[in-house]
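This report concerns only the one structure given below.
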Amino acid sequence: GADAFLKRLRESGRPFLVLTNNSMYTPRDLHARLRRMGLEVPIESIWTSALATAQFLDDQRPGGSAYVIGEAGLTTALHDIGYILTDHDPDYVVLGETRTYSFEAMTKAVRLINAGARFICTNPDETGPSTEGPLPATGAVAALITKATGKQPYFAGKPNPLMMRTGLNAIGAHSETSAMIGDRMDTDVLAGMEAGMQTFLVLTGLTRPEQVEDFPYRPSQVVDSIADLVERI
Numbered sequence: 005g006a007d008a009f010l011k012r013l014r015e016s017g018r019p020f021l022v023l024t025n026n027s028m029y030t031p032r033d034l035h036a037r038l039r040r041m042g043l044e045v046p047i048e049s050i051w052t053s054a055l056a057t058a059q060f061l062d063d064q065r066p067g068g069s070a071y072v073i074g075e076a077g078l079t080t081a082l083h084d085i086g087y088i089l090t091d092h093d094p095d096y097v098v099l100g101e102t103r104t105y106s107f108e109a110m111t112k113a114v115r116l117i118n119a120g121a122r123f124i125c126t127n128p129d130e131t132g133p134s135t136e137g138p139l140p141a142t143g144a145v146a147a148l149i150t151k152a153t154g155k156q157p158y159f160a161g162k163p164n165p166l167m168m169r170t171g172l173n174a175i176g177a178h179s180e181t182s183a184m185i186g187d188r189m190d191t192d193v194l195a196g197m198e199a200g201m202q203t204f205l206v207l208t209g210l211t212r213p214e215q216v217e218d219f220p221y222r223p224s225q226v227v228d229s230i231a232d233l234v235e236r237i
């Protein structure tokens, strides 16, 4: 269904973005990974929590500095906005997704935050998938740093509607005429709703049909598969 949906989107000429809270990869990396899965998504149509974080920092403090725990997706996004990456008196500590969260890096982050650096996090996801089961993710590591410093981070990724708004701005779209399609009530639907967009919950991911009633908000529509939306484009 996803390949037919993306094909129809590309043919329609409508601007669109594929969003991910994973900050490890650059849009170019993700473009290649999606292509190997048979999904053709232009590089400029990929929007990550790393890009949203970089946009936020560029708005808040242009040309600033940051101590970064993360992979190429995050460091590249910050380099591209002219940020200096340093562990010497940085303006921000920026925590993102990484394959190996070292105790040394977390200790340095705690000390820098205690010394006055502001604490920013790409996304609040507490676990991530692996072939062997769930892995601790950015949100879990952020909780550890918060416990050690008493400082809460600002999360730039979903469900923060900031990620939707920065994405909409990137493609020149407006929330009133845009829709968010996702498979999670707690991130995708919530972020879309708070950004003023129509929301479509697809039941092919984490949220099961019976769980929809557990949330105090509703998607605009629930569909079994993204294939059900192809004719809506």
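When you line the sequence shown up against the working numbering, it's residues 5 to 237, in that order.
Note that the Cβ used here is the ideal one computed from N, Cα and C, for glycine as well.
Quick check for students: name the residue ranges of the alpha helix (DSSP H) that lie wholly in the segment 113-155, counting only runs of 4 or more.
142-153
Quick one, are the C-beta atoms of Leu78 and Gly171 less than 7 angstroms apart?
For the purposes of this step, residue 78 is identified with residue 74 of the sequence shown, where counting begins at 1. For the purposes of this step, residue 171 is identified with residue 167 of the sequence shown, where counting begins at 1. Contact: no.
With a 10 Å radius around its C-beta and 16 neighbouring C-beta atoms as the bar for buried, classify Lys151 as buried or exposed.
Here residue 151 is taken as the residue at index 147 of the sequence shown, counted from 1. Lys151 should be labelled exposed.
So what's Leu23 in DSSP terms, helix, strand or just coil?
Residue 23 sits at position 19 when you count from the first residue of the sequence shown. Three-state result, Leu23: strand.
When you compare each of Pro165, Gly42, Ala113 to Gly196 by their alpha carbons, which one comes out closest?
For this step, residue 196 is matched to residue 192 along the sequence shown. Among Pro165, Gly42, Ala113, the Cα nearest to that of Gly196 belongs to Pro165.
Contacting residues, own chain, Cβ-Cβ under 8 angstroms from Leu89 (five flanking each side not counted)
Within the sequence shown, numbered from 1, the residue matching residue 89 stands at position 85. Result list for Leu89: Ser69, Ala70, Tyr71, Val72, Thr79, Leu82, His83, in chain order.
By Cβ distance below 8 angstroms, which residues in the same chain neighbour Lys11 in space, the five residues on each side in sequence not counted?
Taking the sequence shown and counting its residues from 1, one reaches residue 11 at position 7. Only Glu44 meet the Cβ criterion.
Under 7 angstroms Cβ to Cβ from Ala6, same chain only, skipping five residues before and after it: list those, please.
Within the sequence shown, the letter at position 2 stands for residue 6. The residues are Leu43, Ile230.
Whose CA, out of Asp62, Leu61, Arg37, Phe60, lies closest to the CA of Ile50?
In the sequence shown, residue 50 corresponds to position 46, counting from 1. Nearest of Asp62, Leu61, Arg37, Phe60 to Ile50, Cα basis: Arg37.
Is Phe204 helix, strand or coil when you go by DSSP?
Numbered from its first residue, the sequence shown carries residue 204 at position 200. Strand, per DSSP.
Give the range of the beta strand (DSSP E) segment to which Gly186 is assigned.
Translated into the one-based positions of the sequence shown, residue 186 becomes position 182. Residues 183-186.
Determine the direct distance from the alpha carbon of Glu214 to that of Ile237, and round the result to whole angstroms.
Counting from 1 along the sequence shown, the entry for residue 237 is found at position 233. Counting from 1 along the sequence shown, the entry for residue 214 is found at position 210. So the alpha carbons of these two residues sit roughly 28 angstroms apart.
Can you tell me whether Phe159 is helix, strand or coil according to DSSP?
As a first step, residue 159 must be located in the sequence shown, where it is residue number 155. In this structure, Phe159 counts as strand in the three-state DSSP scheme.
Rounded to the nearest angstrom, what separates Leu55 and Val97 at their Cα positions?
Working through the sequence shown from its first residue, we reach residue 55 at position 51. Working through the sequence shown from its first residue, we reach residue 97 at position 93. Roughly 16 angstroms between the two C-alpha positions.
Given Ile47 as reference, the closest of Arg32, Ser53, Gln59 once Cα atoms are compared:
Working through the sequence shown from its first residue, we reach residue 47 at position 43. When each option's Cα is compared against that of Ile47, the closest is Arg32.
Reference Val145, options Ala113, Ala119, Met168, Gly161, closest by Cα
Translated into the one-based positions of the sequence shown, residue 145 becomes position 141. Out of Ala113, Ala119, Met168, Gly161, Ala113 has the C-alpha closest to the C-alpha of Val145.
Check this for me: beta carbons of Ser53 and Gly161, under 7 angstroms apart or not?
As a working mapping, residue 53 is identified with position 49 in the sequence shown. As a working mapping, residue 161 is identified with position 157 in the sequence shown. Result yes, Cβ atoms of Ser53 and Gly161 sit closer than 7 angstroms.
For Arg115, tell me which candidate among Ala76, Leu139, Pro140, Lys155 has the shortest Cα-Cα distance.
Here residue 115 refers to the residue found at position 111 of the sequence shown. The candidate whose alpha carbon is nearest that of Arg115 is Lys155.
Terminal residues of the beta strand (DSSP E) in which Ile73 lies
Here residue 73 refers to the residue found at position 69 when the sequence shown is read from its first residue. Per DSSP, Ile73 belongs to the beta strand (DSSP E) from 69-73.
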